[in-house]
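Participant: Heads up: the sequence shown begins at 1494 in the working numbering, then just goes up one per residue. Let me give you the structure first, and then I'll get to my questions.
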Amino acid sequence: MPKEQRRVLTQDEESELLGKHSACYVCLKTLEGYSPEEIQFDHIYNYADGHPQELSNFAPVHASKDPRKLNCHKAKGRKTPYEYREEYSGPHNSDNMLRYR
Ligand SMILES: [Zn+2]
């Protein structure tokens, strides 16, 4: 079976996702103040594991090249946002986790 290409989102799809998610899927902090170039759309479940590349399987994450801003996309590496969040549960993040429960 040929390897499936990573899906590229259209502008419309990206704005739909931004309308649904107001926070980064990895750190759960707001995306406010981040320009479109500073946001990446990542798979919630890894498509390499056979998960569908539907729009519902994408979520925005911080990906700023500005060192003073967040780059969760780079920080999490190849993990899915969900896996990364499970590991990334230091005390500084607990307020955020509670709010989203
Ligand atoms: Zn983030």
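Positions of the beta carbon are idealized from the N, C-alpha and C atoms, including for glycine. In this text the structure is predicted, and so the values were computed from the model without any measurement.
Look at Leu-1510 and Ala-1541 and say whether their C-beta atoms are less than 8 angstroms apart.
Facilitator: The answer is no: Cβ separation not under 8 angstroms.
Participant: Among Leu-1548, Tyr-1575, Arg-1578, Glu-1580, whose alpha-carbon lies nearest the alpha-carbon of Glu-1506?
Facilitator: Ranking Leu-1548, Tyr-1575, Arg-1578, Glu-1580 by Cα distance to Glu-1506 puts Leu-1548 first.
Participant: On a Cα-Cα basis, can you pick out the residue from Asn-1550, Lys-1513, Glu-1531, Lys-1569 that is closest to Pro-1560?
Facilitator: That would be Glu-1531, whose Cα lies nearest to the Cα of Pro-1560.
Participant: In its own chain, which residues sit with a C-beta less than 7 angstroms from the C-beta of Thr-1573, not counting the 5 before and 5 after it?
Facilitator: Excluding residues within five positions, the ones whose Cβ falls inside 7 angstroms are His-1536, Ile-1537, Tyr-1538, Asn-1539.
Participant: So, for Lys-1522: in the same chain, excluding its five sequence neighbours on each side, which residues have a beta-carbon less than 8 angstroms away from its beta-carbon?
Facilitator: Cβ neighbours of Lys-1522 beyond the five flanking positions: Ala-1516, His-1555, Leu-1563, Asn-1589.
Participant: Let me check one thing: in DSSP terms, what residues is Gln-1533 bridge-paired to?
Facilitator: Per DSSP, Val-1554.
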